[in-house]
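With the numbering used here, the residue at position 266 of the sequence shown is 267, and numbering never jumps. Just so you know, even glycine gets a beta-carbon here, dropped at the ideal spot from N, CA and C.
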Amino acid sequence: MYPPTHVTLEGNTAEPELCELCSTLDFKDLFEWGLADVEIDFGTTDELLAREECDFCRILGTLCEDGLDHLQRGDIPSSPSDGKDRQRGFDLSQEIQALFVRDPAHCLTTKPCLVLKQSYRREYFGPIVSLRTVRGEIRGNLSLEDRRHVDFDLLKRMISKCATTHEECKRDPRDDEEMILIDVDQMCLVQVKSVQYVTLSYVWGNNPIFKTNQSNFQRLQAPGALNKVSNLTRDVAAVVKGLGVRYLWIDALCIIQDDESHKRTQISRMADIYGQSCLTIVALTGTSSESTLPGVSTPRPQTLSVVHGMPFTFHLSGLTKTAHDQVYETRGWTFQERLISRRCLYFTDRQVHFECRHGCTSDHEQIFPENDRRRYATPLNPLQPLHSLDKTEKFSLTTLETFTSMVCQYTSRTLSYPSDIENAFLGIQAFMSRKLSWRFVAALPMGVLDWALLWLPRGQLKRRSWVSTNGKEVRPPSWSWLGWEGQV
Numbered sequence: 002m003y004p005p006t007h008v009t010l011e012g013n014t015a016e017p018e019l020c021e022l023c024s025t026l027d028f029k030d031l032f033e034w035g036l037a038d039v040e041i042d043f044g045t046t047d048e049l050l051a052r053e054e055c056d057f058c059r060i061l062g063t064l065c066e067d068g069l070d071h072l073q074r075g076d077i078p079s080s081p082s083d084g085k086d087r088q089r090g091f092d093l094s095q096e097i098q099a100l101f102v103r104d105p106a107h108c109l110t111t112k113p114c115l116v117l118k119q120s121y122r123r124e125y126f127g128p129i130v131s132l133r134t135v136r137g138e139i140r141g142n143l144s145l146e147d148r149r150h151v152d153f154d155l156l157k158r159m160i161s162k163c164a165t166t167h168e169e170c171k172r173d174p175r176d177d178e179e180m181i182l183i184d185v186d187q188m189c190l191v192q193v194k195s196v197q198y199v200t201l202s203y204v205w206g207n208n209p210i211f212k213t214n215q216s217n218f219q220r221l222q223a224p225g226a227l228n229k230v231s232n233l234t235r236d237v238a239a240v241v242k243g244l245g246v247r248y249l250w251i252d253a254l255c256i257i258q259d260d261e262s263h264k265r266t267q268i269s270r271m272a273d274i275y276g277q278s279c280l281t282i283v284a285l286t287g288t289s290s291e292s293t294l295p296g297v298s299t300p301r302p303q304t305l306s307v308v309h310g311m312p313f314t315f316h317l318s319g320l321t322k323t324a325h326d327q328v329y330e331t332r333g334w335t336f337q338e339r340l341i342s343r344r345c346l347y348f349t350d351r352q353v354h355f356e357c358r359h360g361c362t363s364d365h366e367q368i369f370p371e372n373d374r375r376r377y378a379t380p381l382n383p384l385q386p387l388h389s390l391d392k393t394e395k396f397s398l399t400t401l402e403t404f405t406s407m408v409c410q411y412t413s414r415t416l417s418y419p420s421d422i423e424n425a426f427l428g429i430q431a432f433m434s435r436k437l438s439w440r441f442v443a444a445l446p447m448g449v450l451d452w453a454l455l456w457l458p459r460g461q462l463k464r465r466s467w468v469s470t471n472g473k474e475v476r477p478p479s480w481s482w483l484g485w486e487g488q489v
């Protein structure tokens with residue numbers, strides 16, 4: 002395992018390298034509470050990024066590079082000039098001129114933040130990412146926690162808090178069926194039931210992937226049989242073990258891939274497999290089974306810097322922004338896997354996000370004191386509105402809007418095989434059936450079939466078809482969105 006270590010930096014014996022502008026700043030006063038209205042022009046973002054020799058500009062530049070990818074989306078929160086606590090999105094792609102550090106009283110965040118100025122919308126300022134100081138003044142030798150590797154104790158505390166305080170995240174009582182799981186202590190396959198286990202959600206990628214089949218199934222049940230596995234499997238097993246859980250479910254290994262009967266049964270049980278697991282590990286930035294989990298076997302970039310004895314930590318991108326451009330978010334199978342999970346740990350290049358049915362937080366956010374922010378932000382899961390409903394609201398407006406949103410998101414994703422179109426959505430259907438007693442025909446809810454038939458294409462569609470194992474062409478019904486390739 003990789004317990005957190007500490008890096009000791011020598012005290013203020015060496016003067017920081019600062020540019021002409023930054024050398025005039027009083028950093029202690031600048032980032033204290035009760036700050037008077039301050040506006041410091043650091044020039045254009047290009048000019049800022051060019052001042053690599055300045056320690057403080059380099060910190061700001063790193064934050065800009067982390068945030069600039071998201072500026073074209075019009076989703077950056079802004080604060081109206083009247084100061085009321087509300088958000089208003091506007092397009093930042095026009096005439097971005099300068100970067101400012103501005104008094105927190107003029108931003109939605111509660112700490113000094115980086116903001117962009119837009120000439121024709123002068124009254125609006127929107128933070129890219131926050132620049133925060135760790136609470137407390139540090140003198141002399143400085144001991145900082147090394148967050149290049151995952152802190153398993155911290156992750157366990159987040160999971161434990163959810164398990165003990167979030168009623169909506171508790172496991173549904175249900176009879177367990179025997180499952181094929183990976184024993185991470187013995188590193189082999191086992192057949193067990195009624196045990197706590199973790200699931201993995203990831204992208205298979207284009208590289209050959211090691212799978213369980215009928216010819217190697219018995220051999221893989223011998224202790225140590227899975228010692229030489231993919232990078233991702235090895236890292237995930239280390240995380241599961243570090244969290245104090247013994248069993249792990251990975252589709253490529255825990256489904257006998259060439260046993261059609263077994264495979265069909267497991268696919269139909271996806272809602273149970275992911276919904277009953279204590280946690281799903283999401284390899285969010287991974288692109289194949291050979292990707293690693295950042296912070297496990299490979300270190301993450303350090304996000305703490307010191308200027309004039311003050312430790313600055315980067316407020317990294319939130320889960321929604323981080324997920325936006327990942328391959329993971331384009332694949333069809335991964336959609337239902339995280340949605341029907343009760344808890345998820347999203348591993349990204351710089352931090353681990355924790356999401357449950359109560360909300361989201363991250364291991365990076367946990368270094369701030371409790372009153373610095375509302376720890377649990379809005380969750381990414383579009384199924385969230387349904388958890389508070391009961392079967393008397395089975396066809397409420399909220400329910401129908403949620404289902405419409407899920408179909409829209411799902412059909413924007415890609416599948417390697419056209420025949421997977423319904424299989425990769427069966428977990429969602431099973432969840433809706435169990436939660437709201439829905440019944441489906443061709444992935445359309447039968448109770449409101451007249452409404453469900455009113456789906457519309459969002460672009461050009463292509464008729465979906467494939468050749469079955471017996472050589473016959475298969476075409477889902479044309480009146481269902483299953484029968485078409487493209488977003489609806």
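Q | Inter-stretch contact (C-beta, 8 Å, three-pair minimum) for the stretch 149–165 and the stretch 173–190 | A | no
Q: Assuming PHE336 and LEU346 form a contact by the criterion Cβ under 8 Å, report the distance between their Cβ atoms to the nearest whole angstrom.
A: Counting from one through the sequence shown, the residue named residue 336 turns up at place 335. Counting from one through the sequence shown, the residue named residue 346 turns up at place 345. About 18 Å separates the two Cβ atoms, so there is no contact after all.
Q.
Excluding the 5 residues flanking VAL196 on each side, which residues of the same chain have their C-beta closer than 6 Å to its C-beta?
A. Along the sequence shown, read from residue 1 onward, the residue named residue 196 stands at position 195. Answer for VAL196: TYR248, listed in chain order.
Q. Whose C-alpha, out of GLY206, LEU221, VAL489, is nearest the C-alpha of THR213?
A. Working through the sequence shown from its first residue, we reach residue 213 at position 212. For THR213, the nearest C-alpha among the options comes from LEU221.
Q: Let me know the secondary structure DSSP gives TYR377 once reduced to three states.
A: The residue labelled residue 377 in the question sits at position 376 within the sequence shown. Any reading at TYR377 must be qualified, since the residue scores a pLDDT of 47, below 50, and its modelled position is unreliable; no value is offered.
Q | Burial state of HIS359 (16 or more Cβ within 10 Å) | A | Counting from 1 along the sequence shown, the entry for residue 359 is found at position 358. Per the 10 Å Cβ criterion, buried.
Q. Is it the case that the Cβ atoms of ALA444 and SER481 are separated by a distance below 9 Å?
A. Taking the sequence shown and counting its residues from 1, one reaches residue 444 at position 443. Taking the sequence shown and counting its residues from 1, one reaches residue 481 at position 480. In this structure, SER481 lies closer than 9 Å to ALA444 by Cβ.
Q) Are the Cβ atoms of LEU190 and LEU227 separated by less than 9 Å? A) Sequence index remark: in the sequence shown, residue 190 carries index 189 (1-based). Sequence index remark: in the sequence shown, residue 227 carries index 226 (1-based). Yes, they are a contact pair.
Q | PHE313: CB within 8 Å of a non-hydrogen atom of the ligand MN | A | Judged by which ligands are present, the structure shown has none, so any question about the ligand MN falls away.
Q) What whole-angstrom Cβ distance do VAL489 and THR399 have, given they're in contact under 8 Å? A) The sequence position of residue 489 within the sequence shown is 488, counting from 1. The sequence position of residue 399 within the sequence shown is 398, counting from 1. 20 Å between Cβ atoms; not a contact.
Q | Start-to-end residues for the alpha helix (DSSP H) that takes in GLU261 | A | The residue labelled residue 261 in the question sits at position 260 within the sequence shown. That run of the alpha helix (DSSP H) goes 261–269.
**Q.** Straight-line Cα distance separating GLY62 from VAL241
**A.** One-based indexing of the sequence shown puts residue 241 at position 240. One-based indexing of the sequence shown puts residue 62 at position 61. Answer to the nearest angstrom: the Cα atoms are 36 Å apart.
Q: Look up MET433 in the DSSP assignment and say whether it is helix, strand or coil.
A: Counted from its first residue, the sequence shown places residue 433 at position 432. Helix at MET433.
Q: Would you mind reading off the limits of the beta strand (DSSP E) that contains ILE210?
A: For the purposes of this step, residue 210 is taken as the residue at position 209 of the sequence shown. Premise fails: ILE210 is in no beta strand (DSSP E) and is neither H nor E.
(Q) On the CB-based measure, 16 or more other CB atoms within 10 Å of its CB, does THR393 come out buried or exposed? (A) If you number the sequence shown from 1, residue 393 lands on position 392. Exposed is the call here.
Q. From what residue to what residue does the beta strand (DSSP E) around SER363 run?
A. Along the sequence shown, read from residue 1 onward, the residue named residue 363 stands at position 362. That run of the beta strand (DSSP E) goes 361–363.
Q | Alpha-carbon spacing of GLY243 relative to VAL185, whole angstroms | A | As a first step, residue 243 is located in the sequence shown; it is residue number 242 there, counting from the start. As a first step, residue 185 is located in the sequence shown; it is residue number 184 there, counting from the start. Whole-angstrom Cα-Cα distance: 10 Å.
Q) In chain order, what residues of the same chain lie with their CB nearer than 6 Å to the CB of ALA431, ignoring the 5 residues before and after it? A) By 1-based counting over the sequence shown, the position of residue 431 is 430. ALA272.
Q. I think VAL193 touches MET180, with their Cβ atoms under 8 Å apart; what is that distance to the nearest whole Å?
A. Working through the sequence shown from its first residue, we reach residue 193 at position 192. Working through the sequence shown from its first residue, we reach residue 180 at position 179. So it is a contact: roughly 7 Å between Cβ atoms.
Q. TRP334 lies in the alpha helix (DSSP H); which residues open and close that run?
A. Within the sequence shown, residue 334 is the residue found at index 333, counting from 1. Its alpha helix (DSSP H) spans residues 333–340.
Q.
So, for GLY460: in the same chain, excluding its five sequence neighbours on each side, which residues have a beta-carbon less than 8 Å away from its beta-carbon?
A. Start at 1 with the first residue of the sequence shown, and residue 460 comes out as number 459. For GLY460, where only same-chain residues beyond five positions count, the Cβ hits under 8 Å are GLY487, GLN488.
(Q) Assuming contact is defined by CB atoms lying nearer than 9 Å, are LEU387 and LEU437 in contact in what I supplied? (A) What you label residue 387 is simply residue 386 of the sequence shown in a count that begins at 1. What you label residue 437 is simply residue 436 of the sequence shown in a count that begins at 1. Yes; because the gap between Cβ atoms is below 9 Å, this pair is in contact.
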